[in-house]
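Beneath this line is the structure, given in structure tokens, with notes to follow.
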Amino acid sequence: MAAVTQRFPRIHRFITEYWKICFISFVSGVVLLSILVESLALTHTIQAVETLKQERITITQEINHLQKIVNQYAGYRDAYVRLAALEYQIGDKDSAKASVQKALELDPNFEGTKVLGAKIEKGN
395 MAAVTQRFPR IHRFITEYWK ICFISFVSGV VLLSILVESL ALTHTIQAVE
445 TLKQERITIT QEINHLQKIV NQYAGYRDAY VRLAALEYQI GDKDSAKASV
495 QKALELDPNF EGTKVLGAKI EKGN
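With the sequence shown counted from 1, adding 394 to any position gets you this note's numbering.
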């Protein structure tokens with residue numbers, strides 16, 4: 395009779411602990427899956443940031459090149475228009491406005507410059 399009473403509590407405890415173990419395992423699985431999904435999203439975001447950094451470096455190099463051209467050939471309207479577009483693209487709106495103004499001084503009838511100037515003004 396003593397052997398029967400010793401076995402009963404162990405079975406009862408095992409049954410209640412079994413559901414706790416299942417619940418904890420399920421929650422752990424969900425947390426691990428969430429971590430995996432977030433790590434994949436982070437990897438994608440890091441790659442996008444690196445791409446944007448490279449594009450910005452390329453644009454900055456082109457701006458430096460165009461500024462040299464503009465200093466050498468002050469009457470080259472297209473260089474000012476391209477320079478304004480690139481400056482606007484990287485967010486330097488004040489320099490972009492100045493480049494558009496210079497391009498308009500050189501050729502006030504060029505529609506491309508007027509459109510770009512309106513876009514820059516509207517972007518503020």
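Heads up, the beta-carbon is just placed ideally off N, CA and C, and yes, glycines get one too.
On the CB-based measure, 16 or more other CB atoms within 10 Å of its CB, does residue i come out buried or exposed?
i: Gly-511; result: buried
i: Lys-414; result: exposed
i: Ser-419; result: exposed
i: Tyr-467; result: exposed
i: Val-398; result: Legend: pLDDT at Val-398 = 49, less than 50; position of this residue unreliable, value from coordinates given subsequently. Counting Cβ neighbours within 10 Å, Val-398 comes out exposed, since fewer than 16 surround it.
i: Glu-454; result: Rather than Glu, the amino acid found at residue 454 in this sequence is Thr. By the 10 Å Cβ count, Thr-454 comes out exposed.
i: Val-519; result: The chain is shown from 395 up to 518; residue 519 falls before or after that span and cannot be answered.
i: Thr-439; result: exposed
i: Ile-457; result: buried
i: Thr-437; result: exposed
i: Thr-507; result: buried
Kindly indicate which three-state DSSP category residue i falls into: helix, strand or coil?
i: Phe-417; result: helix
i: Ala-468; result: coil
i: Gly-423; result: helix
i: Gly-511; result: helix
i: Asn-458; result: helix
i: Asp-486; result: coil
My guess is that residue i and residue j are in contact by the Cβ rule of under 8 Å, so how many angstroms apart are they, rounded?
i: Ala-497; j: Arg-471; result: 5 Å
i: Leu-477; j: Gln-461; result: 7 Å
i: Tyr-474; j: Leu-500; result: 7 Å
i: Ile-514; j: Lys-487; result: 6 Å
Flag residue i as yes when its Cβ comes closer than 8 Å to any non-hydrogen atom of the ligand NAD, and as no otherwise.
i: Ala-512; result: This structure lacks the ligand NAD; in fact it carries no ligand of any kind.
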